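Under full-length UniProt numbering, the first residue of the sequence shown carries the number 1, and numbering increases by one thereafter.
In this text, a Cβ means the ideal position worked out from N, Cα and C, and glycines have one as well.
Just so you know, these numbers come straight off a predicted model, no measurement behind them.
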Amino acid sequence: MNGILRMTVEFVVMRNCSSIHFIFGNDHLVMYGINLHKNKDRYFTIGENKCQKSSFLNFKRQLTVNKVSPVNLELEKFKSEQLNKAEISVHLTNKLESELSELLYDHKEACGSDRESVGSNFGHKDDIILNIERPYPPLLRIPTYTSIRKSRGALEIYTKELLDLGFIRTAGQNEEVEITTPVIMEWHNERSRMVGDFRALNTYTFPDRYPIPNIQISLTQISQAVYISTMDALKGFYQNVVALKARKYLRIIVHCGVYEYLRMPFGIKNSPSNCQRMIDAIFTEELSEGWLIIYIDDIIIFSKTWEEHIDRLSRVWEKIKSLNMKISLKK
1 MNGILRMTVE FVVMRNCSSI HFIFGNDHLV MYGINLHKNK DRYFTIGENK CQKSSFLNFK
61 RQLTVNKVSP VNLELEKFKS EQLNKAEISV HLTNKLESEL SELLYDHKEA CGSDRESVGS
121 NFGHKDDIIL NIERPYPPLL RIPTYTSIRK SRGALEIYTK ELLDLGFIRT AGQNEEVEIT
181 TPVIMEWHNE RSRMVGDFRA LNTYTFPDRY PIPNIQISLT QISQAVYIST MDALKGFYQN
241 VVALKARKYL RIIVHCGVYE YLRMPFGIKN SPSNCQRMID AIFTEELSEG WLIIYIDDII
301 IFSKTWEEHI DRLSRVWEKI KSLNMKISLK K
């Protein structure tokens, strides 16, 4: 009955009893659909018309009961735990929003969260080529930076997280370490992140000239679209695997040891170009059809009709899932 509250109140009349004065607020009674009657019949209202009273004793109106679809508990759990992070337009009707939710649920394996490891495209590996030969200059072997106690504790926690996620490994005792990059903890509003000072390494790295899309051209492409969806790769460059021969260049040094990156960290000179090339290669066909834009690790899908949009979203998510990649739902 869509939230209409109904209750029966019975009164007992006692003779020779002193009166107790009280007031029933009629506005509240009407608002909550409460009806006071002097008989024992049950009355109820139907729909929004609270003035028309009915009872089971004289009710003759034929009621039409709509079929209720069974509740998918797994879908509801997905909505409450993961889909609530996504920004879904308030302009979508309930029907369209339901279709979108079901589509995302069907491809939930491609969705990731900050608390879990990310996938990777193992068919692609990022390389680093230096423009100098051995022996390497001292600038490429910098000792650890001095840090406050608070930052040292945060570094220990962060390196452990990266080890657990499989993004770094501990450099072995007998391994030759020729290049080390110091790291620092950046703090903002009591939140921190680990940042490598890769300026020296970037200085001696050959640049990758692979083109990054022009923003103005991309905006022109989507100017006539009715439906637009955006998503990005979870943890960005960490989905890119570092080539085995390049890992020795990505060794970081902290007060508790030397570690080697297995996934591409933020701050490396050619990371954006490598990521752009990788995702462009994955979606070559879709890019040629003109309804998809890739900007480094951001994916934009646009369409003029809802049917087209659902079909295109499905194609993109199927490919992401098949390549073991992970997408963030926060966009």
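- The residue among ARG247, HIS255 and GLU176 with its C-alpha nearest the C-alpha of LEU262 is ARG247.
- Annotated three-state conformation of TYR204 is coil, per DSSP.
- Going by DSSP, HIS309 is part of the alpha helix (DSSP H) stretching over 306-322.
- With distances taken between CA atoms, ASP126 lies nearest to LYS245 out of GLU286, LYS245 and ILE327.
- Here THR93 carries a coil assignment [DSSP, helix/strand/coil].
- By the neighbour-count criterion, in which 16 or more other beta carbons inside 10 Å mark a residue as buried, ARG209 falls on the exposed side.
- In the DSSP assignment, PRO182 is bridged to ILE253.
- For LEU92, there are no CB contacts under 6 Å within the same chain when 5 residues up- and downstream are skipped.
- Look at TYR158 here: in three-state DSSP terms it is helix.
- Under the three-state reduction of DSSP, LEU140 is assigned to helix.
- Here ASN174 is exposed, its C-beta having fewer than 16 other C-beta atoms within 10 Å.
- Between the C-alpha atoms of LYS326 and ASP297 there is a straight-line separation of about 11 Å.
- The beta carbon of LEU75 sits closer than 6 Å to those of TYR105, all from its chain and outside the five residues before and after it, given in chain order.
- From the listed residues ILE128, TYR204 and LEU96, the smallest Cα separation to PRO135 is found for TYR204.
- By the neighbour-count criterion, in which a residue is buried when 16 or more other Cβ atoms sit within 10 angstroms of its Cβ, THR220 is exposed.
- 8 Å or more divides the Cβ of PRO182 from the Cβ of TYR238.
- By alpha-carbon distance to SER223, the top candidate from GLU161, SER303 and MET185 is SER303.
- Taking the CA atoms as reference points, GLU97 sits about 14 Å from ILE228.
- Between the C-alpha atoms of THR284 and ALA171 there is a straight-line separation of about 38 Å.
- Contact between CYS275 and ASN324 is ruled out by a C-beta separation of about 16 Å, above the 8 Å threshold.
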